[in-house]
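Each residue of the sequence shown is one higher than the one before, starting from 433 at the first, in full-length UniProt numbering.
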Amino acid sequence: LYIESELRHALEKHQFKLLYQPQLDVHSNRIVGVEALIRWIHPEMGMVSPAEFIPIAEQMELIHSIGYWVAEEAIRQASEWCREGLGLRVGINLSGRQFMDGDLASKLGHMIRLSGLPPKLLDLEITESVAMDNPDQALFLLSELKQLGVTLAIDDFGTGYSSLEYLQKFCVDFIKIDRAFIKNLVHNPADQGIVKAVLGIAESLNMRVIAEGVETAEELSLLTAFGCDEIQGFFISRPVPAAEIPGVLMHYH
Ligand code: G
Ligand code: G
Ligand code: MN
Ligand code: NA
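The structure is reproduced here in structure tokens:
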């Protein structure tokens, strides 16, 4: 299959790049973090979405080499921003197989130490579905990662099968509310209720909430009124190349 054979060589052909999407702290009105999002630029197919190729990479076991490339590149960029005095937290997405990789914590620890990055500036996102698929194993793996001093986030929250019992045990710092609940927030009282309930749970568990997919000023003001901590979405910025991040920051500082 074309896409699979092309994916096998994408890394050595330098066809991947990372874009970064800013995250705004609504209390301080400052950009405090970015999420790294991978892009595959193929000479014939053009830009291939990670929603399409990450599941294939998982099946082919290519996800480990791609995932370590993402981590290496994001850590390198975060260290550079840190040296420039920006102090931005950089988040990376971990797929299911990457998260289950027994070497993950030690390899990430090694990369962090080599880079000199303060570990709290690296945020690791795993989806709620992956975390809840085998919550006892997730509990163990998350605590291993937490010992590196990084921050942890539960991604796409609200779309998987949540267990509040396990959510309480997971030592995560952030809950990222899926954009499914933000899309119709302004006109849908049920979504408003869900978002407020998630904010209440997060407050009780001492976790911060990041709302994803914020596209309008109305959504931002509702989320601010509800007490959301951070927002991410096209209203602030699309995912952009690293070089454009200082410009976005300047706009907010
Ligand atoms: O950036 P975009 O909206 O196209 O991302 C689509 C999906 O791909 C999202 O679910 C996102 O979490 C995932 N994704 C983006 N970058 C990465 C990455 O580096 N690793 C993994 N595992 N998933 C990613
Ligand atoms: O699953 P995850 O949350 O990691 O996916 C993030 C994806 O959502 C990225 O692919 C990004 O391009 C996309 N995204 C980010 N902000 C917005 C937004 O405001 N609206 C929409 N429709 N998509 C967004
Ligand atoms: Mn994510
Ligand atoms: Na998400």
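Where a beta carbon is used, it is the ideal one built from N, C-alpha and C, also for glycine.
| query | result |
| --- | --- |
| Nearest-angstrom beta carbon gap, glutamate 651 and isoleucine 614 [assumed within contact, 8 Å] | 6 Å |
| Local Cβ density within 10 Å of phenylalanine 606, reported as buried at 16 or more and exposed below that | buried |
| Stretch pair the region 624 to 631 + the region 480 to 494: three plus CB contacts closer than 8 Å | no |
| Inter-residue Cα distance where the pair is leucine 584 and lysine 578 | 7 Å |
| Secondary structure, beta strand (DSSP E): runs of 3+ residues fully inside the region 510 to 588 | 521 to 525, 554 to 559 |
| Methionine 639, enclosing alpha helix (DSSP H) - first and last residue | Careful: methionine 639 lies outside any alpha helix (DSSP H) and carries neither H nor E. |
| Residues that isoleucine 609 bridges to, as DSSP identifies them | Phe589, Ala643 |
| Three-way DSSP call (helix, strand, coil) for residue 692 in this model | Residue 692 cannot be examined here, being either before or after the span of the chain that is shown, 433 to 685. |
| Segment contact flag, the region 495 to 509 with the region 559 to 579, C-beta cutoff 8 Å, min 3 pairs | no |
| Range covered by the alpha helix (DSSP H) that runs through alanine 674 | From DSSP, alanine 674 is part of no alpha helix (DSSP H); its letter is neither H nor E. |
| Pairwise C-alpha distance: leucine 617 and arginine 545 | 42 Å |
| Close-in-space but distant-in-sequence residues of the same chain around glycine 592 (CB under 6 Å, 5 per side omitted) | Glu560, Ser561, Met564 |
| Between the CA atoms of alanine 674 and arginine 521 - distance to the nearest angstrom | 13 Å |
| Cα-Cα separation between arginine 670 and glutamate 516, rounded to whole angstroms | 23 Å |
| Status (buried if at least 16 other CB within 10 Å, exposed otherwise) for serine 527 | buried |
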